[in-house]
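K.L.:
Number of protein chains: 2
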Amino acid sequence: MAPGIADGILFTDQYQLTMAQLYFRRDMHEQPAQFDYFYRTNPDYGRHQAGYGVTVGLDGLLDWMGDARFGPDELDRLRLRTSSGGERLFAEDFLEWLAINGDFGGIELDAVPEGRIVHPHLPIVVARGPLAMAQILESSLLNQLNYPSLVATKASRIAESASGPVLEFGMRRGPGRGANAGARAALIGGCDFTSNVGISHEVGVDPQGTHAHSMVQAFMALGLGELEAFRAFAEVYPDNCILLVDTVDTLGSGIPNAITVFEALRDAGHDPAGVRLDSGDLAYLAVQAARRLDDAGFADVPIVLSGDLDELAIWQILSQIDDEAPRYGLDPDEVKRRLVYGVGTRLITSHGHGALDGVYKLVAMEEKGAWVPSIKVSETPAKVPIPGPNSVWRLYDERGIATVDVIAAADEHPLADEEITLHHPYLDGVTRTVRRSEISQAESLLEPAWRRGARVGPTPVIDELRARRRADLDRLDIGVRRLVNPHVYHVSLTSRLKQLQHDLVAAAHESVG
Amino acid sequence: MAPGIADGILFTDQYQLTMAQLYFRRDMHEQPAQFDYFYRTNPDYGRHQAGYGVTVGLDGLLDWMGDARFGPDELDRLRLRTSSGGERLFAEDFLEWLAINGDFGGIELDAVPEGRIVHPHLPIVVARGPLAMAQILESSLLNQLNYPSLVATKASRIAESASGPVLEFGMRRGPGRGANAGARAALIGGCDFTSNVGISHEVGVDPQGTHAHSMVQAFMALGLGELEAFRAFAEVYPDNCILLVDTVDTLGSGIPNAITVFEALRDAGHDPAGVRLDSGDLAYLAVQAARRLDDAGFADVPIVLSGDLDELAIWQILSQIDDEAPRYGLDPDEVKRRLVYGVGTRLITSHGHGALDGVYKLVAMEEKGAWVPSIKVSETPAKVPIPGPNSVWRLYDERGIATVDVIAAADEHPLADEEITLHHPYLDGVTRTVRRSEISQAESLLEPAWRRGARVGPTPVIDELRARRRADLDRLDIGVRRLVNPHVYHVSLTSRLKQLQHDLVAAAHESVG
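So the sequences go chain by chain: A and B.
The first sequence begins at 71 in my numbering and counts up by one.
The second sequence begins at 71 in my numbering and counts up by one.
1) Taking Gln56/A and Tyr466/A to be in contact with their CB atoms under 8 angstroms, please state how far apart those CB atoms are, rounded to whole angstroms.
2) Would you call Asn555/B buried or exposed, if buried means 16 or more other Cβ atoms sit within 10 Å of its Cβ?
3) Does the separation of the CB atoms of Asp309/B and Ser154/A fall below 8 angstroms?
4) At the 8 angstroms Cβ level, is Gly344/B part of the contact set with chain A, yes or no?
5) Rank Ser210/B, Ala138/B, Asp547/B, Ile532/B by C-alpha distance to the C-alpha of Ala222/B and give the top, closest one.
6) Have a look at Arg539/A and Thr280/B and give me their C-alpha separation to the nearest angstrom.
7) Please state whether the Cβ-Cβ distance between Val345/A and Ala328/A is less than 8 angstroms.
8) Assuming contact is defined by CB atoms lying nearer than 8 angstroms, are Leu237/B and Gln278/B in contact in what I supplied?
9) What does DSSP give as the partner residue(s) for Thr491/A in the beta ladder?
10) Find out if the Cβ-Cβ distance for the pair Arg147/B, His271/A is shorter than 8 angstroms.
11) Taking Arg408/B and Ile373/B to be in contact with their CB atoms under 8 angstroms, please state how far apart those CB atoms are, rounded to whole angstroms.
12) If the criterion is Cβ atoms closer than 8 angstroms, does the pair Phe105/B and Tyr430/B meet it?
13) Let's see if you can read the secondary structure: which residues bound the alpha helix (DSSP H) around Tyr85/A?
14) Check whether the Cβ atoms of Gly260/B and Ile228/B sit closer than 8 angstroms, and answer yes or no.
15) Per DSSP, which one or two residues make a beta bridge with Trp385/B?
16) Could you give the DSSP three-state label for Lys431/B: helix, strand or coil?
17) At a cut of 8 angstroms, does the region 134-153 of chain A reach the region 167-183 of chain A through at least three beta carbon pairs?
18) Flag Glu381/B as yes when its Cβ comes closer than 7 angstroms to any non-hydrogen atom of the ligand COA, and as no otherwise.
19) Report the three-state DSSP secondary structure of Gly199/B (helix, strand or coil).
20) Taking C-beta pairs closer than 7 angstroms, name the residues in chain B that Val306/A reaches, listed in chain order.
21) In this structure, how does DSSP classify Glu178/A when only helix, strand and coil are distinguished?
22) The alpha helix (DSSP H) with Arg149/B in it runs from where to where?
23) Does the count of Cβ pairs from the region 249-257 of chain A and the region 417-428 of chain A closer than 8 angstroms reach three?
24) Check whether the region 487-505 of chain A touches the region 76-95 of chain B, taking contact to mean three or more Cβ pairs, one atom from each stretch, closer than 8 angstroms.
25) Measure the alpha-carbon distance for Ala256/A versus Ala225/A and round it to whole angstroms.
26) Quick check: what's the CA-CA separation for Arg545/B versus Pro459/B?
27) So what's Glu100/B in DSSP terms, helix, strand or just coil?
28) Using the Cα positions of Asp370/B and Leu543/A, report the straight-line distance between them to the nearest angstrom.
29) Which of helix, strand or coil does DSSP assign to Thr264/B?
30) Going by DSSP, what residue range makes up the alpha helix (DSSP H) through Thr564/A?
31) What are the uninterrupted segments assigned as alpha helix (DSSP H) that are 4 or more residues long and contained completely in the region 352-416 of chain A, given in chain order?
32) One question on the structure: do Ser514/B and Ser562/B come within less than 8 angstroms of each other, judged by their Cβ atoms?
33) Of all the CB atoms in chain A, is at least one closer than 8 angstroms to the CB of Ala197/B?
34) Between which two residues does the alpha helix (DSSP H) containing Pro443/A stretch?
35) Determine the contact status of Arg584/A and Tyr398/A, defining contact as a CB-CB distance below 8 angstroms.
36) With H, G and I counted as helix, E and B as strand and the rest as coil, what does DSSP make of Thr223/A?
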């Protein structure tokens, strides 16, 4: 379980190393370069799409950058690699350079803080530093930002759809050790708790869990039965007694047995903590469970739902409860108020959209002390990058609602003029005009995150990250937050930046032609 | 980067710990129990489905089991947890038991060896041991088997669809550190190489990679251009020179520039290693690249394709080449023969089916020295488990092709009788009869994997695991291997086991009613 060679700086792609050696050979390796991390599209899950993203992963990336370096073990491994011609692939002088310079001490990162709402095309992390090491950073940076942001975005949507607390418990079908990063992202993105014990302890949130079918089965195998299993659970956990009622027959045995046990708990002065439904028609069963619990005087006992839940499944369940509860004389809101949601596989795998398309693109190189913007020509308009370096702003309207994110030149303030023309990031002629008087605040989004080999500021605590997401969500238009067909939130370029993008594309085509 | 609390034995779900304490309190914690790991359905990617699975992940699980234990740090963490009533959740006597017994020394595992082809309902890993520790093992076991098996299955399909070598390079959009387990699974499942440097070194396979668009861009930003970038690459890597030709304009500049550089390489006595196409109509561009390379005398230079590839995309490309190559006077087979495939996101996320539905079910408990089968009643027929303990067999027909996997009682041989009736694992009355004379071999699939706190036998080397998959694939019916609408491979129960399943379900219903 010691961290292996695969967890350190060699958690990267081979071509980063071959390119780094080439830069070394051409004396370009220490040339300052800037790479921007951004993503191009919000997750689209098929019949529903995200209107925003939540950025998560910076903390883990910075931790990794603090430790990752080309130590003796890494260099020995690289010495073993040979070319197809049988010669050593990495020359000794390059490895000597790596032995001294092969860490992230020379890199600077600015970043949109973890937990914030973000949008396509927005530079979320900006890396500046010696070309060779900035290049080597790419793969791990992408890995450590893309997946957690994907899960946090899904978690945010699930939390928005739910009428009560959401618990993450996707480890068992999660992507190997990625399940840990996924659980942390879920907690930041909107889940109240996770069942993952290690991560809960690491971030300082109470882990949550009840019991599995196997517990009831084990009692049955010993000839004891469901009721006895429930009694045993209540005896050991009188104040945390959530009973899983569907091992045998939810309405025929699970709920009646749970009520029997809850009555004993109540007599002993304890509040039962809930029942859990894990199969069948969850909306119907929730209504029936609520009825029976109400009748037994347990109107406040929570009902935990689980089983392939995601934001659409939850939405459907709540709609069905609206429909069905009145037929049994129940107030739908009273049923919904007591629901708790356990979400697993569909959250941790971001069901329907399994990867965020985040990229890390060279946007500028320093020459003779000045930044020269760089651009890749592409026939796909959406892939024409935004030249750097830039400043990144979020503009809020008079109501304090975010209305547009603006990418400007590094030394440009978006509210310099009374009338501001904003340009679509890649479609020509698509513009929008805002007046300075309509804007209540222009917030700079990028903050220094990494300087001189160390993180800037303290390691964030989870509650701070959760609060950031909630605060951003409160300032996001309700149409953008919609689960299906959300409004498109605008990310725009200033006129000056648009012109620069144009000129660079033209120049690149000219130099090629 | 030290392994944290989240990597050890607390890489589990909270309810495993609460159940373990309950078993301890009821003196059931050391009762021997058997859990079977199996999955219920092969991945279904939407318009195409897998006809088989590849089991991967056992090696990492056994490594983890060797180190994972409740040490002082873990126990201190558990002491901190409180119930809703404010009391300690885990009592000191339970923690004392964990301090002494809280490792996997008492567990025995039998398993279908890693790399083998497997099918739904087949017990792939069988765990026996004290109920409390067998229960705590569940979450991590599922996590460490489900995801790698999912990726290995996808890799096997992609390798089957491809006409040449397949390289994995999904780290950047892979699921955090899960990308390492994913890369290893891809290598076992059918990929020839991975770009993941750390994992390549760990398993002893050469990492592969070329260069990115950013290299060409960096040269362009310095006023040097694509040709100069290619020259530099060829100079540093004359024997591994694969050039990415689509940064500017694939046919207009990339291919001509590559040919210029290849000519110089040839003059210097080196064989160019290839061109890489990463965007556009890959089939069309492959044909055009082949034409131009042929014309320049480079008929053997490989063409690497990348960009959102999976088995269907590859199939489509190959069909289109069949169509298009003759129009330009090329033999399609000559084009296909030189293709190499780079596969990223869609492999490492198992695009279209992001999680294997593997479960770990209690199948038997020991009482007074005898195993008593256990069963969970379910209204969903597919979820009625197969009571244990069992033996698991693969029967091969006269051609040596696997024809059925048979689950039998532990002391039963599937070929005991001349005529064998095989039963569908959960649909009543669906049977098939085979005659002993039609069967060339009955192979027992489960092997001892873990005894007395240590793995049985040496750590497997990757080539052995890859060979297992290939050998199994060679003995699998071509219809089962089909990419779309594969034949359903039969997994069956013997009459004796079917009867037992029946009796148990009836008894469970009776005891409840």
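Glycine included, each C-beta is placed from N, C-alpha and C at the ideal position.
P.N.:
For this structure:
1) No answer is possible for residue 56/A: it lies beyond the span of chain A, which begins at 71 and ends at 583.
2) Mapped onto the second sequence, residue 555/B falls at position 485. So Asn555/B counts as exposed.
3) Locating residue 309/B in the second sequence gives position 239, counting from the first residue. Locating residue 154/A in the first sequence gives position 84, counting from the first residue. Using a Cβ distance threshold of 8 angstroms, Asp309/B and Ser154/A count as a contacting pair.
4) Taking the second sequence and counting its residues from 1, the one referred to as residue 344/B is at position 274. No - not a single Cβ of chain A is within 8 angstroms of the one on Gly344/B.
5) Counting from one through the second sequence, the residue named residue 222/B turns up at place 152. Selection Ser210/B, Ala138/B, Asp547/B, Ile532/B evaluated against Ala222/B yields Ile532/B as nearest (Cα-Cα).
6) For this step, residue 539/A is matched to residue 469 along the first sequence. For this step, residue 280/B is matched to residue 210 along the second sequence. Approximately 39 angstroms, taken between the alpha carbons.
7) Indexing the first sequence from 1 puts residue 345/A at position 275. Indexing the first sequence from 1 puts residue 328/A at position 258. Contact: yes.
8) Counting from 1 along the second sequence, the entry for residue 237/B is found at position 167. Counting from 1 along the second sequence, the entry for residue 278/B is found at position 208. Yes, they are a contact pair.
9) Here residue 491/A refers to the residue found at position 421 when the first sequence is read from its first residue. Bridge partners of Thr491/A: Thr503/A.
10) Position 77 of the second sequence, counted from the first residue, corresponds to residue 147/B. Position 201 of the first sequence, counted from the first residue, corresponds to residue 271/A. Yes, they are a contact pair.
11) Here residue 408/B refers to the residue found at position 338 of the second sequence. Here residue 373/B refers to the residue found at position 303 of the second sequence. Yes, they are in contact, since the Cβ atoms of Arg408/B and Ile373/B sit about 6 angstroms apart, within 8 angstroms.
12) Counted from its first residue, the second sequence places residue 105/B at position 35. Counted from its first residue, the second sequence places residue 430/B at position 360. Contact flag set, yes.
13) Start at 1 with the first residue of the first sequence, and residue 85/A comes out as number 15. Secondary structure note for Tyr85/A: its alpha helix (DSSP H) is the uninterrupted segment 84-95.
14) On the second sequence, residue 260/B is found 190 positions in, with the first residue counted as 1. On the second sequence, residue 228/B is found 158 positions in, with the first residue counted as 1. Yes, the Cβ-Cβ distance between Gly260/B and Ile228/B is below 8 angstroms.
15) Taking the first residue of the second sequence as 1, we reach residue 385/B at position 315. The bridge partners DSSP lists for Trp385/B come to none.
16) Mapped onto the second sequence, residue 431/B falls at position 361. In this structure, Lys431/B counts as strand in the three-state DSSP scheme.
17) With the cut-off at 8 angstroms, the region 134-153 of chain A and the region 167-183 of chain A touch.
18) Judged by which ligands are present, the structure shown has none, so any question about the ligand COA falls away.
19) Position 129 of the second sequence holds residue 199/B. Three-state result, Gly199/B: strand.
20) By 1-based counting over the first sequence, the position of residue 306/A is 236. By Cβ distance, chain B contributes Gln91, Leu92, Arg95.
21) Position 108 of the first sequence, counting from 1, holds the residue named residue 178/A. Of the three classes helix, strand and coil, the one that applies to Glu178/A here is strand, per DSSP.
22) Position 79 of the second sequence holds residue 149/B. Its alpha helix (DSSP H) spans residues 142-150.
23) Three or more pairs of CB atoms, one per stretch, sit closer than 8 angstroms, so the region 249-257 of chain A contacts the region 417-428 of chain A.
24) Short answer: they don't touch.
25) Along the first sequence, read from residue 1 onward, the residue named residue 256/A stands at position 186. Along the first sequence, read from residue 1 onward, the residue named residue 225/A stands at position 155. Roughly 5 angstroms separates the two Cα atoms.
26) Along the second sequence, one-based indexing puts residue 545/B at 475. Along the second sequence, one-based indexing puts residue 459/B at 389. Going by C-alpha positions, Arg545/B is about 27 angstroms away from Pro459/B.
27) For the purposes of this step, residue 100/B is taken as residue 30 along the second sequence, with counting starting at 1. Glu100/B: coil per DSSP, three-state reduction.
28) If you number the second sequence from 1, residue 370/B lands on position 300. If you number the first sequence from 1, residue 543/A lands on position 473. In a straight line, the C-alpha of Asp370/B is about 56 angstroms away from that of Leu543/A.
29) For the purposes of this step, residue 264/B is taken as the residue at position 194 of the second sequence. If DSSP states are grouped into helix, strand and coil, Thr264/B belongs with the strands.
30) Indexing the first sequence from 1 puts residue 564/A at position 494. No alpha helix (DSSP H) holds Thr564/A; the beta strand (DSSP E) holding it covers 560-564.
31) Listed in chain order, they are 352-365, 381-394, 402-407.
32) Against the second sequence, residue 514/B aligns to sequence position 444. Against the second sequence, residue 562/B aligns to sequence position 492. With respect to the 8 angstroms criterion, Ser514/B and Ser562/B are not classified as neighbours on the basis of their beta carbons.
33) One-based indexing of the second sequence puts residue 197/B at position 127. Not closer than 8 angstroms to any Cβ of chain A, the Cβ of Ala197/B fails to qualify, so no.
34) The count along the first sequence starts at 1 and reaches residue 443/A at position 373. Where Pro443/A is concerned, there is no enclosing alpha helix (DSSP H), although the beta strand (DSSP E) around it starts and stops at 440-443.
35) Residue numbering for chain A in the displayed model covers 71 to 583; residue 584/A lies beyond these limits and cannot be assessed.
36) Numbered from its first residue, the first sequence carries residue 223/A at position 153. The three-state secondary structure of Thr223/A, taken from DSSP, is helix.
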